[in-house]
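Data block below; observations after.
In my numbering, the protein residues as written are 49 to 340.
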């Protein structure tokens, strides 16, 4: 029984639940905005389950492809695949099945466009980011991070259908997540610099050093805040969202500015941790505003 529980725990860990949780927050915010604060219950459940399965499948396959990299890094060496608790073949089949179930569920219960975008995001993450960009360029997370920006768009078209793609709001939400991704992962890169060097991954902190990466983190924090304001201007959101988001942005930029000045691990950790809260709050503010 204990072995079975451990195996199930490993299967769950392969899907990277913390990442999925944040993706679901961004999707939920989009659902509430697209439905003007009155999301249809069943469709919402189907969108979130389908999105979870798709993100989980992509993460599992990422574990398979990155198993040698993970083995070289202290932070990831005990993951289920590099430690051989789950074989690469079993994990690959598991990941493919999750993606298949995701596509089928979304296609039959929501619509084809949401299913298509979900599988597209998974394939982008697997082939463009994991296989091609990650081991080759310091801009890996900038370009490859686009895969994680799709949940708001997928959720939006799940509610509105194809015509929702013509609305600016889902694309602004896409852009917010896109601009958030590099400073978030670069702060982590500072904390795990030795690990990335050991695995020969060209993260920006490894290749260009603290001055360059802390400057870019701060610049990105400003760009995100400006994008959030533009998003508000072109959306139906009210002053509650605007005021709360400006305060949230100032706090995040403050952490990034301290990192720029101090260039130390303590500041990097604070920036990294608040970035998680920052993104979640942006989409929580969307939900709050639509309910008022």
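Where is the CB? At the ideal position from N, CA and C, for every residue including glycine.
Item                                                                                                                   : Value
Contact between the segment 92 to 107 and the segment 220 to 234 (3+ Cβ pairs under 8 Å)                               : no
Residue from 195, 293, 130, 158 with nearest C-alpha to residue 61                                                     : 130
Closest residue to residue 242 among 63, 121, 330 (Cα-Cα distance)                                                     : 121
Where residue 129 sits in the DSSP three-state scheme                                                                  : coil
As assigned by DSSP and simplified to three states, the class of residue 329                                           : helix
Spatial neighbours of residue 151 in its chain, beta-carbon cut-off 6 Å, leaving aside the 5 residues before and after : 163, 167
Extent of the continuous alpha helix (DSSP H) to which residue 266 belongs                                             : 252 to 282
Beta-carbon proximity check, residue 218 vs residue 106, cutoff 8 Å                                                    : no
Member of 263, 229, 149 whose CA lies at the smallest distance from the CA of residue 193                              : 229
Integer-rounded CB distance, given that residue 174 should sit under 8 Å from residue 110                              : 7 Å
Proximity test, residue 282 beta-carbon vs the ligand MG heavy atom, cut-off 7 Å                                       : With respect to the ligand MG, the structure offers nothing, as it holds no ligand at all.
Nearest neighbour of residue 200, chosen from 58, 213, 51 [CA to CA]                                                   : 213
Beta carbon of residue 278 nearer than 8 Å to that of residue 220                                                      : yes
Extent of the continuous alpha helix (DSSP H) run through residue 296                                                  : 287 to 310
Same chain, Cβ closer than 6 Å to residue 286, five either side skipped, listed in chain order                         : 337
For residue 125 and residue 84, the rounded distance between their alpha carbons                                       : 45 Å
Top-ranked residue by Cα proximity to residue 234, from 216, 255, 247, 246                                             : 255
Under the three-state DSSP convention, the category residue 313 falls into                                             : helix
Minimum length 4: unbroken alpha helix (DSSP H) runs contained in the segment 66 to 152                                : 89 to 113, 115 to 120
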